[in-house]
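Residue numbers (the numbering used here), protein chains in the order written: chain H, 1 to 218; chain P, 1 to 218. First the structure, in the form of structure tokens, and then the observations on it.
There are 2 protein chains.
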Amino acid sequence: MFSQSEENYIKAIYHLGVEVTKGISTNAIAKRLETKASSVTDMIKKLSEKEVVVYKKYQGVTLTDFGKKTAANIIRKHRLWEVFLVEELNFSWDEVHEVAEQLEHIKSPKLIDELDAFLGYPKRDPHGDPIPDKDGNLPQIQKSLLATLQKNEKGVCVGVNDTSSEFLRFLDKQEIGLGQDIEVLDKEPFDDSFLVKINGKEITISNKVANNIYIQKK
Amino acid sequence: MFSQSEENYIKAIYHLGVEVTKGISTNAIAKRLETKASSVTDMIKKLSEKEVVVYKKYQGVTLTDFGKKTAANIIRKHRLWEVFLVEELNFSWDEVHEVAEQLEHIKSPKLIDELDAFLGYPKRDPHGDPIPDKDGNLPQIQKSLLATLQKNEKGVCVGVNDTSSEFLRFLDKQEIGLGQDIEVLDKEPFDDSFLVKINGKEITISNKVANNIYIQKK
DNA sequence: ATAAATTTTTAGGCAAGACTAAAAATTTAT
DNA sequence: ATAAATTTTTAGTCTTGCCTAAAAATTTAT
Ligand SMILES: [Mn+2]
Ligand SMILES: [Mn+2]
Ligand SMILES: [Mn+2]
Ligand SMILES: [Mn+2]
């Protein structure tokens, strides 16, 4: 069994390691967990002894298969709880993260499977992120950033990159959410902003925003 | 905010303090939490500084009003989660304790109120114990031990004293549960056992068992 | 009332997980 | 290629929460 702290490190390493072949740097982990590099080195050594990561001094870390599976399980719990909070307890998608961050550490073999069944085996969390299955398999869907769409292309919103409350509330205000159809009417070369049609309305979206919305082209 | 450990101490002191006017002894707390007396003394000092308990050396501790309210809130969370596990996630009443012991420490103002509403504001947990309201008020019901019933008296099962898995599974086997009608047909002076009628069946119940079942006379 | 037994506290330590400051290694710039 | 900058590790410390062993206080027995 892993401590809460160990689990947070494992999850951080997993997330930092998506689409990266090299070892994850000490500093990157420290930054993500808002801690100091020296603390990370300490923890890395422990995780290395527990065979969760492979670690060579100054080379960064990589998750072992065991580590990846462990990470997937924590993420599975995190995302299932997020679904529960939004679907059953009236949380909005910008309120769930902090609580799920705690709930993901609850240890109970039965709890998470029953929760999964109770929720109807959801495939994605409230932010559009896929929920790993019991064996840690994570279904990848094909998605692209709204920013990559060309003029007159259409897509449907399937996720967000930035999951901060600020951004999510901004999207709420603009009436942008998962499943929403989005059409690029025009691109402004001056500031790379987008004129899009959402919900029948035409609105302007900054490049930064367009780079934080995932869509599926259609 | 209190740490998980602090919360467990507060809860233990609360439970030990029910119907006791004197201070709760260090040893009693140690026994309940399966820890050492010296550890208890350490923690007691900390809780005393935080004004959760009143403590005089060698005199045991008493919860302050603030401490009582804090305890009630933890117990509220524990019991609401137990209801959730049994009512929604197919846990049986002997499986919930360990998980609720973890869930009770989740910090979220919104979570527990929404859970309460989601569950339909339950008044009692799966073991018949009352659920404190938001302000820490705990409705006391009138209940007595089955062992206090006289021959030919009847009652309905409203709770259990021992909440161990062993005892609860034993009750399941005997088909004894909350809401069950129980009639004392006879008392055996030799071993103080009881002949009772439950579910139309006549069964013999040891004195020990009779001292762990709460009933409401009728 | 004194002695014995029990309870409680103190003293000293340990492990986890964090931190600061300094040393060592690596990477980047010139 | 060397120097400068950056990253990473080490060394030493701190807090929390636990432990054992011993001392002190209280309670119980004679
Ligand atoms: Mn977490
Ligand atoms: Mn999410
Ligand atoms: Mn607990
Ligand atoms: Mn209960």
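Cβ coordinates follow ideal geometry from the N, Cα and C atoms, glycine included.
Threonine 70/H - containing alpha helix (DSSP H), residue span = Walking along the first sequence from the start, residue 70/H turns up at place 70. Looking at the DSSP string, the run of the alpha helix (DSSP H) that includes threonine 70/H is 65-88.
task = Only counting runs of 3 or more residues, tell me where the beta strand (DSSP E) segments fall wholly within the segment 139-176 of chain H, in order along the chain.
result = Runs of the beta strand (DSSP E) inside the segment 139-176 of chain H: 154-160.
query = Going along the chain, which residues of its own chain have a beta-carbon closer than 7 angstroms to the beta-carbon of glutamate 183/P, five neighbours each way excluded?
reply = Counted from its first residue, the second sequence places residue 183/P at position 183. Only Lys154, Val196, Lys197 meet the Cβ criterion.
ask   = How about glutamate 114/H: is its C-beta nearer than 7 angstroms to some C-beta of chain P?
value = Walking along the first sequence from the start, residue 114/H turns up at place 114. The C-beta of glutamate 114/H comes closer than 7 angstroms to at least one C-beta of chain P.
message = Looking at the secondary structure, which residues open and close the alpha helix (DSSP H) in which glutamine 4/P lies?
response = To locate residue 4/P, count along the second sequence from 1; it is residue 4. From DSSP, the alpha helix (DSSP H) with glutamine 4/P extends over 4-17.
query = Is glutamine 142/H near cysteine 157/H, with beta carbons less than 7 angstroms apart?
reply = Working through the first sequence from its first residue, we reach residue 142/H at position 142. Working through the first sequence from its first residue, we reach residue 157/H at position 157. For glutamine 142/H and cysteine 157/H, no; Cβs fall outside 7 angstroms.
Among Asp133/P, Ser164/P, Asn199/P, Arg169/P, the one whose alpha carbon lies nearest that of glutamate 98/P = Walking along the second sequence from the start, residue 98/P turns up at place 98. Nearest C-alpha to glutamate 98/P among Asp133/P, Ser164/P, Asn199/P, Arg169/P: Ser164/P.
Pair within 7 angstroms by beta-carbon distance, isoleucine 27/H and glutamate 114/P = As a working note, residue 27/H is residue 27 in the first sequence. As a working note, residue 114/P is residue 114 in the second sequence. It is worth fixing the name first, because residue 27/H is asparagine in this sequence and not isoleucine. Their beta carbons are not under 7 angstroms apart, which means asparagine 27/H does not touch glutamate 114/P by this criterion.
ask   = Name the DSSP beta bridge partners of valine 20/P, please?
value = Taking the first residue of the second sequence as position 1, residue 20/P is located at position 20. Residue pairing of valine 20/P in beta bridges, as defined by DSSP: absent, with no partner found.
key: Short CB-CB distance (under 7 angstroms) between glutamate 88/H and chain P   = By one-based count along the first sequence, residue 88/H stands at place 88. At least one CB atom of chain P sits nearer than 7 angstroms to the CB of glutamate 88/H.
query = Residues of chain P with a CB under 9 angstroms from the CB of leucine 216/H: which are they?
reply = For the purposes of this step, residue 216/H is identified with residue 216 of the first sequence, where counting begins at 1. Going by the sequence as given, residue 216/H is glutamine instead of leucine. Correct list: empty, because the minimum Cβ distance to chain P is about 32 angstroms.
task = Report the partner residues of proline 130/H according to the DSSP bridge assignment.
result = Counting from one through the first sequence, the residue named residue 130/H turns up at place 130. For proline 130/H, DSSP records a beta bridge to Arg124/H.
query = Is phenylalanine 190/P buried or exposed, if buried means 16 or more other CB atoms sit within 10 Å of its CB?
reply = Indexing the second sequence from 1 puts residue 190/P at position 190. That one is exposed.
message = Taking CB distances under 7 angstroms as the criterion, tell me whether leucine 80/P reaches chain H.
response = One-based indexing of the second sequence puts residue 80/P at position 80. Leucine 80/P does not count as touching chain H.
request  = Identify each residue in the segment 96-109 of chain P for which the Cβ-Cβ distance to at least one residue of chain H is less than 7 angstroms, and report them in chain order.
outcome  = From the segment 96-109 of chain P, only Val99, Gln102, Leu103, Ile106, Lys107, Ser108 have a Cβ closer than 7 angstroms to chain H.
query = Can valine 83/H and proline 132/H be called in contact, C-beta distance under 7 angstroms?
reply = Within the first sequence, the letter at position 83 stands for residue 83/H. Within the first sequence, the letter at position 132 stands for residue 132/H. The Cβ-Cβ distance between valine 83/H and proline 132/H does not fall below 7 angstroms.
query = Can you pull the DSSP bridge partners for isoleucine 198/H?
reply = Locating residue 198/H in the first sequence gives position 198, where the first residue counts as 1. DSSP lists Ile182/H, Lys201/H as the bridge partner or partners of isoleucine 198/H.
task = Express the C-alpha separation of serine 206/H and serine 193/H in angstroms, rounding to a whole number.
result = As a first step, residue 193/H is located in the first sequence; it is residue number 193 there, counting from the start. As a first step, residue 206/H is located in the first sequence; it is residue number 206 there, counting from the start. Distance between serine 193/H and serine 206/H, taken at the CA atoms: about 4 angstroms.
ask   = So alanine 72/H and leucine 138/H are in contact, right, with Cβ under 8 angstroms, and what is the actual spacing, rounded?
value = Sequence index remark: in the first sequence, residue 72/H carries index 72 (1-based). Sequence index remark: in the first sequence, residue 138/H carries index 138 (1-based). Contact holds; Cβ gap of about 6 angstroms.
inquiry  = If we define contact as Cβ-Cβ less than 7 angstroms, is phenylalanine 190/H a contact residue for chain P?
reply    = For the purposes of this step, residue 190/H is identified with residue 190 of the first sequence, where counting begins at 1. Phenylalanine 190/H does not count as touching chain P.
request  = Measuring only between beta-carbons, confirm whether leucine 168/P sits less than 7 angstroms from chain H.
outcome  = As a working note, residue 168/P is residue 168 in the second sequence. For leucine 168/P, the answer is no, since every Cβ of chain H falls outside 7 angstroms of its Cβ.
task = Verify the contact flag: glutamate 82/P, CB atom, against every heavy atom of ligand 4, threshold strictly below 6 angstroms.
result = The count along the second sequence starts at 1 and reaches residue 82/P at position 82. Within the cutoff, so yes.
request  = Would you please state the rounded distance, in angstroms, between the beta carbons of arginine 79/H and aspartate 42/H? I believe it to be under 8 angstroms.
outcome  = Position 79 of the first sequence holds residue 79/H. Position 42 of the first sequence holds residue 42/H. Contact between arginine 79/H and aspartate 42/H is absent: CB atoms are separated by about 29 angstroms, not below the 8 angstroms threshold.
query = Using a Cβ cut-off of 9 angstroms, which residues of the segment 143-162 of chain H contact any Cβ in chain P, in chain order?
reply = Taking 9 angstroms as the Cβ-Cβ cut-off, the segment 143-162 of chain H has no residue approaching chain P.
request  = Give, in chain order, every residue of the segment 113-137 of chain H whose Cβ lies closer than 7 angstroms to some Cβ of chain P.
outcome  = Taking 7 angstroms as the upper bound on Cβ-Cβ separation, chain P lies near residues Glu114, Leu115, Phe118 of the segment 113-137 of chain H.
query = Listed in chain order, which residues are found with a beta carbon closer than 6 angstroms to a heavy atom of ligand 1?
reply = Near ligand 1, meaning a beta-carbon closer than 6 angstroms to one of its heavy atoms, we find Asn8/H, Glu101/H, Glu104/H, His105/H.
query = In chain order, what residues of the same chain have a beta carbon less than 6 angstroms from the beta carbon of tyrosine 9/H, not counting five sequence neighbours either side?
reply = In the first sequence, counting from the first residue as 1, residue 9/H sits at position 9. Counting only Cβ-Cβ distances below 6 angstroms, and skipping sequence neighbours, we find Met43.
inquiry  = For leucine 287/H, would you say it is in contact with chain P, using Cβ-to-Cβ distances shorter than 7 angstroms as the test?
reply    = This structure leaves residue 287/H out entirely; chain H is present only between 1 and 218.
task = Using a Cβ cut-off of 8 angstroms, pull out every chain H residue sitting near phenylalanine 2/P, in sequence order please.
result = For this step, residue 2/P is matched to residue 2 along the second sequence. Contact note: phenylalanine 2/P does not reach chain H at a C-beta cutoff of 8 angstroms; the least C-beta distance is about 14 angstroms.
query = Between valine 52/H and threonine 70/H, which are expected to be in contact by the criterion C-beta below 8 angstroms, what is the C-beta distance as a whole number of angstroms?
reply = Position 52 of the first sequence holds residue 52/H. Position 70 of the first sequence holds residue 70/H. That pair is a contact at about 6 angstroms.
task = Could you check if alanine 117/H is buried or exposed, using at least 16 other CB atoms within 10 Å of its CB as the buried criterion?
result = What you label residue 117/H is simply residue 117 of the first sequence in a count that begins at 1. Exposed: under 16 other Cβ atoms inside 10 Å.
ask   = Which partner residues does glutamine 216/P have in the DSSP bridge list?
value = Residue 216/P sits at position 216 when you count from the first residue of the second sequence. In DSSP, glutamine 216/P forms a bridge with Val156/P.
key: Residues near glutamine 140/H in its chain [Cβ-Cβ closer than 8 angstroms; skip 5 each side]   = Position 140 of the first sequence holds residue 140/H. Correct list, in chain order: Pro130.
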